[in-house]
Amino acid sequence: MRKCAELCVGLDVTCPNEDCRQWINYEEDNNCTLIAVEKNKDMTLQEVGKRLGVSLVRIKHIEDKAKIRMKKRMRYNNIIDTF
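Everything in the sequence shown is counted per this note's numbering, starting at 4 for the first residue and increasing by one.
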């Protein structure tokens with residue numbers, strides 16, 4: 004975990020750095036995606052959507068697009084065979 008996240012956890016404060024790439028507007032997880040993942044482990048798409056302020060459907064679209072990009076990258080790097 005990054006030092007800034009460790010500091011927020013140690014002090015039990017929300018992250019004030021809105022410019023941070025890991026920042027989310029969700030105070031229950033100290034406004035940090037790293038803390039959210041560490042604290043909650045596996046989350047449903049609905050839980051992720053709640054933290055990011057978007058719908059379940061939008062999270063599903065993002066997940067599908069990410070999977071496609073990962074498969075392309077893996078094929079490009081000869082990690083998996085083409086389908």
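Built from N, CA and C at the ideal position, the CB exists for glycine as well.
{"Query": "Closer than 8 Å is the cut-off here; do at least three beta carbon pairs connect the stretch 21 to 36 with the stretch 49 to 59?", "Result": "yes"}
{"Query": "Can you tell me the Cβ-Cβ gap for C7 and N33, rounded? I've got them flagged as a contact below 8 Å.", "Result": "Actually they do not touch by this definition, with Cβ atoms about 10 Å apart."}
{"Query": "With distances taken Cα to Cα, identify the nearest neighbour of Q49 among A39, N43, I62.", "Result": "I62"}
{"Query": "Could you check if L37 is buried or exposed, using at least 16 other CB atoms within 10 Å of its CB as the buried criterion?", "Result": "buried"}
{"Query": "Spatial neighbours of G52 within its chain, please: CB distance less than 8 Å, with the 5 preceding and 5 following residues excluded, ordered by chain position.", "Result": "S58, L59, R61, I62"}
{"Query": "Can you name the residues that DSSP bridges to C35?", "Result": "W26"}
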